[in-house]
Amino acid sequence: MSRTALATIHLGALRRNLARVRQHAGGAKVMAVVKADGYGHGLERVARTLGDADALGVAALGDGLRLRAAGHRQRIVVLSGPDEPADLAEFRRLQLDAVIHHQSQIDWLAAEPATFESSGRPLRVWLKLDTGMHRLGFAPEAAEQVHAQLRALANVSPDIVLTTHFAASDEFDNALTAQQIESFDAATRTLAGARALANSAGLLGWPAARGDWVRVGGLLYGLSVVEGKCGADLGFEPAMTLSTKLISIKSIRKGERIGYAATWECPEDMTVGVAAIGYGDGYPRSARAGTPVLVNGAPASIVGRVSMDLVTIDLRRVPHAQVGDRVALWGRELPVETIAAHAGTISYDLTCGMTRRVLFVEDES
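Under the working numbering, the first residue of the sequence shown is numbered 1203, with each subsequent residue one higher.
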């Protein structure tokens, strides 16, 4: 019996989620964001499954290199662009799009003629404006000047995509997103180029942000982008199910304490199980006593602290549990958002946190 924690990736769910994104997007092109190893689902696996997306979005050049090495020929957008001048040659060799968000990147492009002449391939760029996130991007008032700088460079494609990033689009009543849209529209009104504003939450809650491209991550994996809801509430299917097995069952007497620091006291004589998963696998150490699990489909909950390799489960509601029984931690049977709430974090944090100890398998459903 293997005691390896198992992450089952539902490829059919990924495809159906992409189809639902297209329904929401209307005629806009879809960038499937596969950064953070495909939100923990596997970069190459997700890219292969979402081959119908119009582009793939990655965080860094290294991810683009991995995808090209795996044979992916889709348009790939590196969301932070080049990090140093030497990156530009790789962007050209791999035919990657670069998000340009800082003057230093334009300066590198302006100083690049020798590299460009050897490749003969203008770089496709996305010009990023900071309309309120205050992370990456040019100030809106600089948009015309920066756009002109890029258009003047022979080594840059004239087909520049204009983009920004929302800070609070998951709050549908937050005026900040409307202000960001207004700021973006005002700054780009006279500029040529496709528009790309909406992320997952922007796609659902802000129709004015759909533009020519939508940039979608969480929804593709069935993850909620709205507080208090799970992905299924929004019409999307979870693409990862995390499970393990019971490796021990024992009787504990009333008043005995369980786990590190002895934080949980048995309220009565009771049966507990030990499951083969812990924070060394990526299950959150912050998950509180009472965090739900399913033992052979029956509801149960964690007691005591999550250990590096193990969790302890209250089996009072599962009297017939046996060693070897399946334990579902999150996924199709139990929303990952529920576990995230018990752990004081978000669903993205959990799926992105899987470690190499977890065995990944693919499922076509």
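Each residue gets a CB set at the ideal place from its N, CA and C atoms; glycine is no exception.
Presumed contact (8 Å Cβ cut-off) between residue i and residue j, rounded CB distance
i	j	result
L1405	H1243	L1405 to H1243, Cβ: 19 Å. No contact.
S1426	G1433	5 Å
L1245	G1266	About 10 Å separates the two Cβ atoms, so there is no contact after all.
G1482	T1557	7 Å
L1378	L1311	Their Cβ separation, rounded to whole angstroms, is 32 Å, which puts L1378 and L1311 out of contact at 8 Å.
G1516	V1474	Here residue 1516 turns out to be Asp, not Gly, going by the sequence shown. Rounded, the Cβ-Cβ distance is 6 Å, consistent with contact.
Rounded separation between residue i and residue j - CA only
i	j	result
I1454	A1207	25 Å
D1471	K1456	4 Å
I1451	L1252	42 Å
M1203	P1342	With a pLDDT of 48 at M1203, under the threshold of 50, the predicted position of this residue should be treated as unreliable, and no value is reported.
S1385	A1234	25 Å
A1221	R1250	15 Å
T1493	V1348	50 Å
N1219	T1392	35 Å
V1416	A1400	5 Å
E1564	G1259	22 Å
T1446	L1531	8 Å
Q1382	V1505	45 Å
G1420	T1365	19 Å
S1282	A1545	30 Å
V1223	T1210	22 Å
L1541	D1332	The residue you asked about is not Leu; residue 1541 is Ile in the sequence shown. Answer to the nearest angstrom: the Cα atoms are 33 Å apart.
G1499	D1511	22 Å
R1270	A1543	37 Å
G1555	V1248	16 Å
A1489	N1357	51 Å
S1359	R1353	8 Å
P1501	V1495	6 Å
W1328	F1562	34 Å
G1413	A1396	8 Å
A1410	V1279	23 Å
G1240	E1467	40 Å
R1268	E1292	12 Å
G1214	A1441	8 Å
G1164	T1547	In the structure displayed, the chain extends from 1203 to 1567; residue 1164 sits before or after that span and is not available.
Y1550	R1559	19 Å
D1309	S1509	50 Å
E1346	L1290	24 Å
E1439	L1216	8 Å
L1448	D1254	40 Å
W1334	R1277	Trp is not the amino acid found at residue 1334; the sequence shown has Gly there. Straight-line Cα distance between these residues: approximately 28 Å.
Candidates the options: closest to residue i by CA position
i	options	result
V1418	W1532, V1232, L1378 and F1368	V1232
A1464	P1440, A1491, L1444 and L1517	A1491
I1362	R1528, R1326, P1440 and K1447	R1326
N1376	Q1351, A1403, G1283 and G1395	A1403
P1284	L1263, G1499 and G1228	L1263
K1237	G1228, A1354, Y1423 and Q1351	Y1423
A1370	V1476, V1301 and E1429	E1429
R1528	T1443, L1352 and R1268	T1443
R1519	S1509, G1407, S1503 and G1482	S1503
V1538	A1344, E1292 and Y1485	Y1485
D1435	D1299, R1534 and E1314	R1534
D1387	H1336, E1439 and K1330	K1330
T1514	R1459, H1304 and T1553	R1459
Q1305	H1336, G1334, A1344 and A1272	A1344
A1261	H1274, A1272, R1277 and V1301	V1301
L1298	T1473, M1335 and R1275	R1275
V1497	A1478, V1474 and A1523	A1523
D1256	A1478, L1517, A1398 and D1516	A1398
R1337	D1516, F1368, Q1307 and A1313	F1368
Status (buried if at least 16 other CB within 10 Å, exposed otherwise) for residue i
i	result
Y1462	exposed
S1567	exposed
V1525	exposed
T1390	buried
P1588	The structure shown does not extend to residue 1588, since the chain is modelled only from 1203 through 1567, so no value can be given for it.
R1507	buried
F1374	exposed
H1212	buried
A1288	exposed
K1431	exposed
P1469	exposed
A1350	exposed
G1229	exposed
G1407	buried
R1294	buried
D1372	buried
Cutoff 8 Å: residue i Cβ touching any chain E Cβ
i	result
G1395	No chain E is part of this structure, which consists of one protein chain only.
Going residue by residue through the segment 1335-1386, where are the continuous beta strand (DSSP E) segments of at least 3 residues, counting only ones entirely within it? 1363-1366
So within the segment 1227-1292, which uninterrupted alpha helix (DSSP H) runs reach at least 4 residues, ignoring any that extend past its ends? 1237-1241, 1245-1251 and 1263-1271
Those runs of the alpha helix (DSSP H) which lie wholly inside the segment 1291-1316 and span at least 4 residues: 1305-1312
Which runs of the beta strand (DSSP E) at least 3 residues long sit entirely within the segment 1379-1431? Give them in chain order. 1415-1418
Enumerate, from N- to C-terminal direction, the unbroken beta strand (DSSP E) stretches of 3 or more residues contained entirely within the segment 1522-1548. 1528-1532
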